[in-house]
Structures are given as C-alpha cells and as structure tokens.
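Trainee: Residues in the sequence shown are numbered consecutively from 408, following this note's numbering.
From the three backbone atoms N, C-alpha and C, an ideal C-beta is built for every residue, glycine too.
Mind having a look at this structure? Questions to follow.
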Amino acid sequence: MTDENHPTPDDDPAGTRARPVFRTGAEQEWEPIDLALAQGRDPTPENIERARRELERDGAAAIERVVP
408 MTDENHPTPD DDPAGTRARP VFRTGAEQEW EPIDLALAQG RDPTPENIER ARRELERDGA
468 AAIERVVP
C-alpha cells in the first residue's frame, strides 16, 4: 500500500504519471514594488528603493524570506 502523496516507482512502471511541480515565490520575475507590497509596506519611493536594493543584494533570497 502506498501513500498517494508518495507513490513508489511500482505504482507507475511506464513513468506516465505527471510529476508534481513545486514552485516557490522566487521562480517568477519580481519588481521592487511587488516585494515592498509583499513585505506589507506602502509603495512609497523609499520602500520601493529599499526593496530594489534587497533584490539586487539578495536576489531570490529576498523574495523567499517573504513569500513561501
């Protein structure tokens, strides 16, 4: 018996079952305003600039801290 969330190779010997696709928030393109809003900040020029610097410095990690 298998758990539906954890199928074994014997459950699909032909390999035809679709594999789950796991995504994080960082897999898409983010603008500084998007990051500022996701952080719960108002989209002021200062907050957008802070988010831009975070994206430049940390890349995807800046987003992953906020969006799972």
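#1: Count the other CB atoms within 10 Å of the CB of E461; is the residue buried (16 or more) or exposed (fewer)?
#2: State the DSSP-derived secondary structure class of G466, mapped to helix, strand or coil.
#3: Measuring straight from C-alpha to C-alpha, what distance separates A433 and E471?
#4: Looking at P450 and I440, is the spacing between their C-beta atoms short of 8 Å?
Mentor: The answer reads as follows:
#1: Mapped onto the sequence shown, residue 461 falls at position 54. E461 comes out buried.
#2: As a working mapping, residue 466 is identified with position 59 in the sequence shown. Reduced to three states, the DSSP call for G466 is coil.
#3: The count along the sequence shown starts at 1 and reaches residue 433 at position 26. The count along the sequence shown starts at 1 and reaches residue 471 at position 64. Whole-angstrom Cα-Cα distance: 6 Å.
#4: In the sequence shown, counting from the first residue as 1, residue 440 sits at position 33. In the sequence shown, counting from the first residue as 1, residue 450 sits at position 43. A contact, by the Cβ cut-off of 8 Å.
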